[in-house]
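S.K.:
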Amino acid sequence: MIPLLINGEGITTGQVVANINPSNTADVIDEAAQADPHHVQMAIASARAAAPGWAMAGPVERHRVLAKTAQGLQERAAELGHLLAREEGKTRAEAIAEVERAAHIFAFFAGEALRLGGETGASMRPGVGVEVTPEPLGVVALITPWNYPMAIPAWKIAPALCYGNTVILKPAELVPSCAAALIDAINAAGAPAGVVNLVMGAGRVVGAALVDSPAVDGLSFTGSQATGQAIAVAAAKSLKRVQLEMGGSNPLVVLDDCDLELAVTCAVDGSFYSTGQRCTASRRLIVTDGVYSRFVERVAERVRALRVDDALKAGTEIGPVVSDEQLEQNLQALETARREGGSVRAGGERLTRATPGHYMQPALVTDTTPEMTLNREEVFGPIASVLRARDYDEALKLANDTPFGLTAGVCTQSLARSTHFKRHAQAGMVMVNLPTAGVDVHVPFGGRKASSYGPREQGEYARTFYTIMKTAYTRA
Ligand code: ADP
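Take the sequence shown: its position 374, counted from the start at 1, is 373 in numbering that gives the first Met the number 0, and no numbers get skipped.
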């Protein structure tokens, strides 16, 4: 059983949930202990008790824990990648890359821990000095989704620890094993008891108890827009600092002057790799008239050829959808798209494989219009819609015609157009001749409009959320 981890101790509970492999529903990976609200209060108390010690731990100690975690994850990348692929369903290669990414995130913040500084200056009053120092926010609760079960917890936990906070992680229900493995790696690296706590359970019970607690100082969430919005409202009651990363409906604009094969590769990778289960996935392919037919034909060919199978099988390009419920939602979204006038040009079928899993061929939907549900709401699966544009100006307008604003991409060989797009795309991250998904660990991650709320994650900008400034005046 995967126990809760509170104050350094594994805690089993009366209620457990089976952790099932989405590539093979006959494969039960483990059972996860479920917390009740009392366990959540214990975890908060544990993090509170550990907070003063960790806040005062010097940069060298924090660096050591973060650097050792990075090293531990790197050394175990193949083993943990196997677990990740088995639990979440992305391919082995993608899963190993995710573990390595988590290692890089810890390595980056190991460095940042040594760089922590403040500012000093003169006061406006003669004889008085001023110091501005970032201090830890305190106890932070981290609520994470299933699609990056190592990388997302890592990019919240690493800066939280780097800047002296203590943590309670509430992972998504579907991925307790990866969460537990990550927490184990941090503890094996020497984090003191209570600095990192793990509670599993339903969002509405365990997540909500963290959101409502006045003893939690900050809450960082990644998940759906509806949940994020509800969390922000609830967290305001206890005046908690909140950081939300939510959905996207990311456009990839393909212009007449693009390198066609590169654009096709960007679309196929961005839309369908990791089974399209990335908040940065390309959902809307916006293509100008001159290249439209050739582009759609090539992408359709590639979509039909994608090898969908068990995430752990050699040669698999696309793993299963994470759950049967999610697969049903994807198929329903295709049905709605058809009813509203779209055509499923390639893929979209439920598939049977040697093992019972949640398989579907990725889908390319053409003849779509901006008002269609598929282009307005986030579909979290391997489905991309195609919108046709007269020219660049119309394509840009369509790209921005969405409630979301996480990433936006353009494929063009024109410096003038790419420069214009970088300036005018209403998104937190813009990609030129690259898939909309795929980001670095050392620079800010986040979106605009309904995609994000609060300060940016990752890179040195993460400091804004995880610290609170102290301004001290001294008369000499
Ligand atoms: P997804 O559709 O990706 O599952 P959710 O927003 O439902 O997105 O879930 C993301 C995370 O938020 C999960 O860890 C989930 O348990 C948690 N969660 C869901 N509902 C709530 C809630 N009401 N309060 C706090 N956390 C929640």
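Where is the CB? At the ideal position from N, CA and C, for every residue including glycine.
1) Going by C-alpha distance, which of A424, T315, L333 is nearest R352?
2) Just curious, the alpha helix (DSSP H) that S417 is in, first and last residue?
3) Could you compute how far the alpha carbon of R293 sits from the alpha carbon of P152?
4) Could you check which residue in S413, L414, R416, V409 has the C-alpha nearest to that of M428?
5) Let's see if you can read the secondary structure: which residues bound the beta strand (DSSP E) around E172?
6) In terms of alpha-carbon separation, which member of A235, G117, A332 lies closest to G453?
7) What residues are listed by DSSP as bridge partners for E118?
8) Looking only at C-alpha atoms, which of E172, I142, A49, I182 sits nearest to A101?
9) In the region 319–357, which residue ranges form an unbroken alpha helix (DSSP H) of at least 4 residues, counting only runs that do not cross its ends?
10) Relative to the alpha-carbon of H37, which residue among E456, P125, T90, V204 has its alpha-carbon at the smallest distance?
11) Which residues bound the alpha helix (DSSP H) around N399?
12) Could you tell me the distance, in whole angstroms, from the CA atom of R303 to the CA atom of R297?
13) Taking only the alpha-carbon atoms, compute the straight-line gap between D211 and L254 and give it to the nearest angstrom.
14) Examine ligand 1 and report whether any of its heavy atoms sits within less than 7 Å of the Cβ of H453.
15) Do R283 and S248 have their C-beta atoms closer together than 8 Å?
16) Between W560 and ligand 1, is the CB less than 7 Å from at least one heavy atom?
17) Using a Cβ-based criterion (distance less than 7 Å to any ligand heavy atom), does E172 qualify as near ligand 1?
18) Quick check: does the Cβ of S223 come within less than 7 Å of any heavy atom belonging to ligand 1?
19) Please classify G13 as buried or exposed, where buried requires at least 16 other C-beta atoms within 10 Å of its C-beta.
20) Determine which residues share a DSSP beta bridge with Q242 and list them.
21) Taking only heavy atoms of ligand 1 into account, decide whether any of them is closer than 7 Å to the Cβ of V241.
22) Within 10 Å of its beta-carbon, does H423 have 16 or more other beta-carbons around it, so buried, or fewer, so exposed?
23) Excluding sequence positions up to five away, which residues of its chain have a Cβ less than 6 Å from the Cβ of E93?
24) In whole angstroms, give me the CA-to-CA distance for N164 and L218.
25) By DSSP's criteria, C177 is part of a beta bridge. Which residues make up the other side?
26) Could you spell out where the alpha helix (DSSP H) holding N374 opens and where it closes?
27) Taking the beta carbon of S342 as the centre, do at least 16 other beta carbons fall within 10 Å, making it buried, or is it exposed?
28) Measure the CB-CB distance between A32 and V15 and report whether it falls below 8 Å.
29) May I ask you to report which of helix, strand or coil DSSP gives G408?
30) Per the contact definition of three or more C-beta pairs closer than 8 Å, is the region 52–59 in contact with the region 223–235?
31) Cβ of P144 versus every heavy atom of ligand 1: is any distance shorter than 7 Å?
32) I'd like to check one pair, N329 with V378: are the Cβ atoms closer than 8 Å?
33) Taking G206 as the reference, which of E324, P144, T279, T132 has the closest Cα?
M.R.: Result, derived from the coordinates:
1) T315
2) 414–423
3) 41 Å
4) V409
5) No beta strand (DSSP E) contains E172, which DSSP labels as neither H nor E.
6) A235
7) V131
8) I182
9) 323–338
10) V204
11) 391–399
12) 10 Å
13) 48 Å
14) The amino acid occupying residue 453 in the given sequence is Gly; His does not appear at that position. Because no heavy atom of ligand 1 lies under 7 Å away, the Cβ of G453 does not count as near it: no.
15) yes
16) No answer is possible for residue 560: it lies beyond the span of the chain, which begins at 0 and ends at 475.
17) yes
18) yes
19) exposed
20) S219
21) no
22) exposed
23) S273
24) 12 Å
25) According to DSSP, which records beta bridges pairwise, C177 is partnered with nothing at all.
26) 372–375
27) exposed
28) yes
29) strand
30) no
31) yes
32) yes
33) P144
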